[in-house]
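Every position in the sequence shown, counted from 1, becomes a number in my numbering once 5 is added. All remarks here apply to the structure that follows.
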Amino acid sequence: MKKALIKYDNELKSILENAYNSPDKVLKASLAWEADLRNASIQEISENISDFSQNTEGYNYSEIDQLILEAIEKDQELIKRLNSTIKKAEEEAEAKKQVIVKDYPDFSKGEMTYSLSTNKMEIILNGVKELVNKLHTQKSPEYLSELIAEQKLPEGYEYNIDSMPEIGKDDGVTVYGNSKNTFLKAALTYLKKATVTNVVKLWSAIDSSAIAHIIPIPEKYRVEGFDECTFSYSDDKTPDGLVIHHSFYSFGGQRGEPRYGINGKKHGPEDCSSMVGKLTGCKPDKLPSTFHYLYSFRNQLNEEGNKGLETDPYVLESTNNFEAISVKDPQKDIRPGMLYVFRNFRNDPTKLSDGAGGHTAIVLGTSKRDDNNLDIVTDSCARDMPNLEGRGIQKFEFNRSHVKDMFFRAK
């Protein structure tokens, strides 16, 4: 298939050219990792499309699409039951002032990973369903199975690109920037399911997959009949698992998932902080969050606000690996390759408390806004489905009223 062209405005094009030519080691590694993930995903999607197109002789495309819709309906019910079970357990634990969602959970105690707690399977299934139905109701109806069998794609679903996409943006041509990328990957699984004879073949390449990933489900949350779900998985390593499709993001990353060891799967999903931590050489079991970066930043620059925790292993990891940067002239002081961290303070205008939530990313450069403020242009890993998802270019306005901006340089 031909490559779809990603279009940038002149300023962003210049920022990217400077970033790719930068000698900064962190930036070079970040850009190389993004390209590796993107190319691995493209190759796997291409292989899935090719495999399906070679195994459809004698199939009725109308029937295949109908089988997909019926399978989605069944999967939606099973996923809802799983997520309801998880939510109920979290609410009961909260009432007892217990924490069961952890970076490194003890599954035997009913603890779980963030990736399971925040799974977006319901959104994904609904996205595939809408795609199939949309094709059926066009003025000239089409079948998803027929398009893929002919190695064609629905409008707006081009996936073969050769440059970094912008996330949070729908260009109307490609799947990048939002959740269409993930929806396409899940749709291909349903098409594969229509032409394979058993579940083993359906997930035969899961451990090397760049588009699908296994999340462990503690035995305590096993749902009756869940083994009939398309995305159920079970083997000796993972007796109860949920397969998720992703576009390189999963909240929590691969923390606490034992299947692939402490370093995780090469092309597995990450979240913003696990991406940055792994990229910059943090210990894989001590990947700092924005909370830890906040304390490290205040401690290093002796700023006002909640401080301390110098010996906390995650704060210590932040301090040992990153030098906090005091930004006085943002256009001069914010440089490509820096770590950009922000922490939200919507309920604290003083920004002296711990805040709540935030983001981490690698700086590509800065750009001027129409209001003469600056945007921090980053290589980011983020998700707010279905409108924003993936790894790529993301802009953040500098010095927002409810946000504390922090910058670090890797030591």
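Virtual Cβ for every residue (Gly too), placed ideally from N, Cα, C.
With 16 or more other Cβ atoms from the protein chains shown falling within 10 Å of its own Cβ, R303 counts as buried. P170 is not a Cβ neighbour of G342, given a cutoff of 8 angstroms. The beta carbon of E151 lies closer than 7 angstroms to those of Y66 in the same chain, with the five residues before and after it left out.
Within the model, the alpha-carbon separation for L393 versus E127 is close to 16 angstroms. Ranked by Cα distance from E116, the first of K283, K102, V106, V180 is V106. Secondary structure at F350: coil, using DSSP grouped into helix, strand and coil. In the pairwise beta carbon analysis, the region 44-58 is classified as touching the region 152-162: at least three pairs are separated by under 8 angstroms.
The Cβ atoms of R264 and I219 lie closer than 8 angstroms to each other. Going by DSSP, I129 is part of the alpha helix (DSSP H) stretching over 126-141.
Under the Cβ criterion (8 angstroms, minimum of three pairs), the region 36-54 counts as touching the region 162-177.
Between S372 and E22 the beta-carbon gap is near 13 angstroms, outside 8 angstroms, which marks them as no contact. For F327 and G182, the gap between their C-alpha atoms comes out near 29 angstroms.
Following the DSSP letters along the chain, one finds F188 inside the alpha helix (DSSP H) bounded by residues 185-198. Residue pairing for S372: DSSP places it in a beta bridge opposite D380. In this structure, V137 places its C-beta atom within 8 angstroms of the C-beta atom of I73. A distance below 7 angstroms between beta-carbons, with the five flanking residues on each side excluded, links P110 to the following residues of its chain, in chain order: E116, M117, T118, G261. Residue environment: D240 is assigned as exposed (fewer than 16 neighbouring CB atoms within 10 Å of its CB, all protein chains considered). For the options G313, I50, K139, K85, the alpha carbon positioned closest to that of E229 is the one of K85. Taken in chain order, the complete beta strand (DSSP E) segments of 3 or more residues contained in the region 31-97 number zero; there are none. If you look at F296, you'll find it in the alpha helix (DSSP H) that goes 295-306.
Boundaries cannot be given for I166, as no alpha helix (DSSP H) includes it and DSSP labels it neither H nor E.
The continuous beta strand (DSSP E) containing V408 extends over residues 408-415.
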